[in-house]
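As structure tokens, the structure follows; a few thoughts come after it.
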Ligand SMILES: Nc1ncnc2c1ncn2[C@@H]1O[C@H](CSCC[C@H](N)C(=O)O)[C@@H](O)[C@H]1O
Ligand SMILES: Nc1ncnc2c1ncn2[C@@H]1O[C@H](CSCC[C@H](N)C(=O)O)[C@@H](O)[C@H]1O
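Protein chains in written order, with my numbering: chain A, 294 to 652; chain B, 294 to 652.
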């Protein structure tokens, strides 16, 4: 049986193309894609090392894992294809596999595939924490801004009898050390599953291109931009609990399965795995936006709503008033714009090359 | 640029899993899949002729073209995999490509992929009248009950100045010779496009397994079961036009892009193409149902509704009262149950083997 990572829970980005949809709230990720474009280009030209004469049917295979609904995934793929063409100066047939959870809105994704693409597009439903492809069948495997999603909230964090229990909070930011430790370990385990599968699927000399929303190794978790925002979202939820709109227990049970890694932690996972050479590690600091405080607060709020809406609905039920929550949250963002502005964030970007088998 | 058959219009089956959905109205197709199971088994054991030692990464690749939303496609794929395993008695990795129009409900399809499958599933959006895959990259290509869909209504049939103009009718059944000729030619052209693409995509020695809802070569079009039903649907529409509910012109402009082939016509297309050997042609007559007239009429009505709903909506607009149409249609089916019972239908099933290149 193919391990298709069924153990991994799915919280898809909001599909469709409405106001709160991921398509309309992914411009920050888009900046990241632009920032890594040149790095990817270089890596492909200098590091990719496959024997193109042995490619079955001259078919070059690329995947984007955690693709969501576009348009970013289409841009990422186009950048990769351009670099491959530049390097080999030859005509390949490209097969592109768009991967995300089964519950991702593939209908929206498929209907927005650029019409003049020069590849054969496929959708591949399933979790990247398990196997997705046959052995040694991909040449370049990309994942942008998806690996911060854990396969699950660490069990201890939900366990009342554990010191890691995260009462009254929704993320590990200002939680105790035990909670943070549980998150850190979960991220490590998830990376191990991810890298084990990818090591089997990518050809020797093929590349993994990974970008994470993360932090510098010296930045404490509590100073990470998104963590500050999540903490405020948590206090909005607690406020609703105190008003009796939702139960406090429900808030205790709610935790965001997201972790912001440092480059060092990913490097350690790569070393544990042993099948890849680390060709490049780059941290790209968040460009601080120059827009007004009010624009900023609104942007953070819609960005987080696009990512969290399905998670919140699943937990608090369909009747839960998301508009009310996000109004309160927006207010909190306004009030806390200063600490938020001091928040930091970095994109952690790695280029890994699959070692020759047996080395 | 990849020719992705954009010229082909899409009228997907009704998605989801509601009362009128394709999932709940495809039991007739299911019977056909069961009927051809043994034939497919034999063909794979006796005719499939690929060098399994040269399979890249021991990966065996199968596609089902025009898969709709399941469950039939999952059964068809499972039958094929079982036969391949029986033949080679060896462990392959299977990659399965589910193809349908971009507008197919892939979300429903993906969410119902059997959890204990032993293959890597992919969704492949695009028209099978154009290229879908890189050269020589598939081993078995299946299509069940999809190739009756033309890429378009033949142009002449919509042209008031043409002798093929199909005034007051929605299919070619009781239309003039010119209309029938236009449909026959369109089917021939579409088969040419289909076979040209497949000849490039399937490996030498690989198989095409094709089942069409069709007719025996000696059965006149007007005696084909579905054609009789379509003609009744047409008269229901005309009745609504006479009552002023829709315009007569709209009905004139509406034509069902479906054609029921004979084995002979498909064989001719295969010969024109020249890249395949015909290994087997079988006609499987429709089993006449033993249920009561009233059950029969209802079954025909919901079956046709599942297939035609999106086509009708597109043409007559979202406000069009489908319930009213199908009530009237059901009435007509009751009144005409005798001619309907004399109607004939056959599944035309072909097994084609890709010739060695250059032979
Ligand atoms: N285990 C998993 N397997 C596959 N996709 C996953 C996943 N965990 C999270 N994701 C997906 O990762 C996506 C993150 S959003 C990022 C989208 C895109 N790569 C961009 O750069 O804009 C979401 O669509 C989410 O469903
Ligand atoms: N040109 C084309 N390309 C791809 N799919 C097509 C097509 N024309 C029709 N179809 C699809 O063919 C399907 C026919 S319904 C048959 C479904 C399934 N094979 C079964 O046996 O039950 C529909 O889903 C329709 O969207």
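C-beta atoms are modelled at their ideal positions from N, C-alpha and C, and glycine is treated no differently.
Here the structure is a predicted model, which means the values were calculated and not measured.
Residue i to residue j span [Cα, whole Å]
{"i": "residue 369 of chain B", "j": "residue 583 of chain A", "result": "57 Å"}
{"i": "residue 375 of chain B", "j": "residue 461 of chain A", "result": "53 Å"}
{"i": "residue 567 of chain B", "j": "residue 558 of chain B", "result": "14 Å"}
{"i": "residue 547 of chain A", "j": "residue 475 of chain A", "result": "15 Å"}
{"i": "residue 646 of chain A", "j": "residue 488 of chain A", "result": "12 Å"}
{"i": "residue 298 of chain B", "j": "residue 363 of chain A", "result": "Below a pLDDT of 50, predicted positions are generally treated as unreliable, and residue 298 of chain B, at 34, falls in that range; the measurement from the model is reported next regardless. Using only the alpha carbons, I get a separation of about 22 Å."}
{"i": "residue 348 of chain A", "j": "residue 400 of chain A", "result": "31 Å"}
{"i": "residue 402 of chain A", "j": "residue 395 of chain B", "result": "10 Å"}
{"i": "residue 471 of chain B", "j": "residue 456 of chain B", "result": "6 Å"}
{"i": "residue 345 of chain A", "j": "residue 379 of chain A", "result": "14 Å"}
{"i": "residue 372 of chain A", "j": "residue 494 of chain A", "result": "22 Å"}
{"i": "residue 580 of chain B", "j": "residue 592 of chain B", "result": "14 Å"}
{"i": "residue 490 of chain A", "j": "residue 538 of chain B", "result": "59 Å"}
{"i": "residue 573 of chain B", "j": "residue 406 of chain B", "result": "30 Å"}
{"i": "residue 444 of chain B", "j": "residue 424 of chain A", "result": "37 Å"}
{"i": "residue 416 of chain B", "j": "residue 427 of chain A", "result": "16 Å"}
{"i": "residue 438 of chain B", "j": "residue 324 of chain B", "result": "11 Å"}
{"i": "residue 441 of chain A", "j": "residue 451 of chain A", "result": "19 Å"}
{"i": "residue 615 of chain A", "j": "residue 603 of chain A", "result": "10 Å"}
{"i": "residue 589 of chain B", "j": "residue 631 of chain B", "result": "11 Å"}
{"i": "residue 629 of chain A", "j": "residue 359 of chain A", "result": "31 Å"}
{"i": "residue 409 of chain A", "j": "residue 410 of chain B", "result": "34 Å"}
{"i": "residue 600 of chain B", "j": "residue 505 of chain A", "result": "45 Å"}
{"i": "residue 234 of chain B", "j": "residue 404 of chain B", "result": "Beyond the ends of chain B as shown, which are 294 and 652, falls residue 234 of chain B; an answer cannot be given."}
{"i": "residue 338 of chain B", "j": "residue 332 of chain B", "result": "10 Å"}
{"i": "residue 543 of chain A", "j": "residue 454 of chain A", "result": "17 Å"}
{"i": "residue 477 of chain A", "j": "residue 326 of chain A", "result": "26 Å"}
{"i": "residue 541 of chain B", "j": "residue 436 of chain B", "result": "36 Å"}
{"i": "residue 446 of chain A", "j": "residue 514 of chain A", "result": "17 Å"}
{"i": "residue 512 of chain A", "j": "residue 365 of chain B", "result": "54 Å"}
{"i": "residue 545 of chain B", "j": "residue 612 of chain B", "result": "19 Å"}
{"i": "residue 340 of chain A", "j": "residue 531 of chain A", "result": "50 Å"}
{"i": "residue 466 of chain B", "j": "residue 606 of chain B", "result": "22 Å"}
{"i": "residue 473 of chain A", "j": "residue 571 of chain A", "result": "27 Å"}
Residues of its chain near residue i, where Cβ-Cβ distance is below 7 Å and the 5 sequence neighbours each way are ignored
{"i": "residue 432 of chain A", "result": "343, 353, 354, 355, 496, 499"}
{"i": "residue 517 of chain B", "result": "508, 553, 636, 637, 638"}
{"i": "residue 622 of chain B", "result": "525, 526, 529, 594"}
{"i": "residue 510 of chain B", "result": "555, 556, 557"}
{"i": "residue 468 of chain A", "result": "459, 462"}
Burial state of residue i, where buried means 16 or more other Cβ atoms lie within 10 Å
{"i": "residue 610 of chain A", "result": "exposed"}
{"i": "residue 483 of chain B", "result": "buried"}
{"i": "residue 565 of chain A", "result": "exposed"}
{"i": "residue 535 of chain A", "result": "exposed"}
{"i": "residue 563 of chain A", "result": "buried"}
{"i": "residue 448 of chain A", "result": "exposed"}
{"i": "residue 556 of chain B", "result": "buried"}
{"i": "residue 430 of chain A", "result": "buried"}
{"i": "residue 361 of chain A", "result": "buried"}
{"i": "residue 329 of chain B", "result": "buried"}
{"i": "residue 386 of chain B", "result": "buried"}
{"i": "residue 418 of chain A", "result": "buried"}
{"i": "residue 383 of chain A", "result": "exposed"}
{"i": "residue 617 of chain B", "result": "exposed"}
{"i": "residue 377 of chain B", "result": "buried"}
Nonlocal neighbours in the same chain, by C-beta distance under 6 Å from residue i, ignoring five residues either side
{"i": "residue 587 of chain A", "result": "none"}
{"i": "residue 413 of chain A", "result": "388"}
{"i": "residue 633 of chain A", "result": "521"}
{"i": "residue 301 of chain A", "result": "Reliability of the predicted coordinates at residue 301 of chain A is poor, the pLDDT of 48 falling under 50, and no value is obtained from them."}
{"i": "residue 642 of chain A", "result": "329, 504, 575"}
Sequence-distant residues of its chain with Cβ nearer than 8 Å to residue i (five each side left out)
{"i": "residue 464 of chain A", "result": "520, 523, 524, 527, 548, 549, 551"}
{"i": "residue 492 of chain A", "result": "566, 568, 569, 647"}
{"i": "residue 357 of chain A", "result": "366, 369, 370, 389, 390, 391, 392, 435, 436, 437"}
{"i": "residue 350 of chain A", "result": "386"}
{"i": "residue 334 of chain B", "result": "372, 375, 376, 379"}
Could I get the ranges of all uninterrupted beta strand (DSSP E) runs contained in the region 585 to 618 of chain B, with 3 residues as the minimum, in chain order?
none
Quick one: complete beta strand (DSSP E) runs, 3+ long, within the region 354 to 422 of chain B?
386 to 393, 412 to 418
If we require 4 or more residues per run, which alpha helix (DSSP H) segments fall completely within the region 522 to 555 of chain B?
With a minimum length of 4 residues, the continuous alpha helix (DSSP H) runs that stay inside the region 522 to 555 of chain B are 541 to 546.
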